Amino acid sequence: MSKPANRGKRFRDELMKSLRMLRVWRHCFDNTGHVQGPKRPGDLMGTWWGHSVLLEAKETHTPSIPFSRVEPHQVRHLERQAMPPSNGIALVAIRWCVPRQPRCFLVPVDIWTGLAAGLDRKSLPLPDGKRPEGVLEVFRSRVRPEEEPGLNELVWDLRPVLDLMVMLCLAKTRTARPEILSEEDAPNA
Numbered sequence: 036m037s038k039p040a041n042r043g044k045r046f047r048d049e050l051m052k053s054l055r056m057l058r059v060w061r062h063c064f065d066n067t068g069h070v071q072g073p074k075r076p077g078d079l080m081g082t083w084w085g086h087s088v089l090l091e092a093k094e095t096h097t098p099s100i101p102f103s104r105v106e107p108h109q110v111r112h113l114e115r116q117a118m119p120p121s122n123g124i125a126l127v128a129i130r131w132c133v134p135r136q137p138r139c140f141l142v143p144v145d146i147w148t149g150l151a152a153g154l155d156r157k158s159l160p161l162p163d164g165k166r167p168e169g170v171l172e173v174f175r176s177r178v179r180p181e182e183e184p185g186l187n188e189l190v191w192d193l194r195p196v197l198d199l200m201v202m203l204c205l206a207k208t209r210t211a212r213p214e215i216l217s218e219e220d221a222p223n224a
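Note that my numbering gives residue 103 to position 68 of the sequence shown, counting from 1, and the numbers run on in steps of one.
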């Protein structure tokens with residue numbers, strides 16, 4: 036069995052490869068665990084269409100993931116990321132290691148904390164039909180970045196979920212501060 040510090044390293048590497056292939060993703064850091072000092076806010080951080088994004092990556096081999104797998108300091112960092120004034124995007128990324136067919140889910144931090152606070156459950160179920168609303172599945176697709184035309188790799192396609200999260204952030208900002216962003220000013224994602 037691997038050491039707890041290395042759990043999920045393969046998934047972080049997969050996410051990093053997926054994010055590097057996205058043209059508008061701007062990478063800030065990845066938390067590899069080799070740096071001594073204060074704890075980083077999450078595993079991956081960057082920007083997507085001008086919005087700050089924080090990802091905490093977890094991996095599981097069972098049909099559910101205990102809420103305790105995301106430690107309290109990690110939840111605090113994710114919650115701060117999503118709070119005003121930044122209204123950033125904070126997601127728990129989960130890789131469910133189904134033999135020969137892994138699946139990936141992104142869970143917004145408000146959904147994660149809402150489910151964790153519920154008295155009736157201690158874990159998040161991942162199978163279809165049991166998965167709560169708001170847990171977004173990510174699928175693999177072939178990405179061919181323009182700067183590397185020969186590359187044809189199967190990676191997690193995070194674009195649809197990140198685009199959805201940006202639109203939700205814009206809607207939240209528009210509702211809270213309509214004078215800041217009007218419909219005409221909103222970028223098309």
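Ideal Cβ placement from N, Cα and C applies to all residues, glycine included.
Just so we're clear, the structure is a prediction, and the values are computed from it rather than from any experiment.
The region 126-134 and the region 84-97 touch, with three or more beta-carbon pairs separated by less than 8 Å. Across the structure, G77 and R194 are spaced so that their CA atoms are roughly 19 Å apart. Within the same chain, Cβ atoms closer than 7 Å to the Cβ of S121 are found at S87, the five residues on either side in sequence being excluded.
If the five residues before and after L199 are omitted, its C-beta is found closer than 8 Å to the C-beta atoms of L171, all from its own chain and listed in chain order.
According to the DSSP assignment, M80 belongs to the beta strand (DSSP E) that extends over L79 to W83.
Between the region 104-118 and the region 134-146, the count of Cβ pairs shorter than 8 Å is three or higher; the stretches touch. Per DSSP, K93 lies in no alpha helix (DSSP H) segment; the continuous beta strand (DSSP E) that holds it begins and ends at H86 to T95. Rounded to whole angstroms, the gap between the alpha carbons of M56 and A206 is 27 Å.
Excluding sequence positions up to five before and after C204, its CB lies within less than 6 Å of the CB of H86 and N122, all in the same chain and listed in chain order. About 22 Å separates the CB atoms of R166 and V190; that is not less than 8 Å, and the two are not in contact. The Cβ atoms of E168 and L126 lie no closer than 9 Å to each other.
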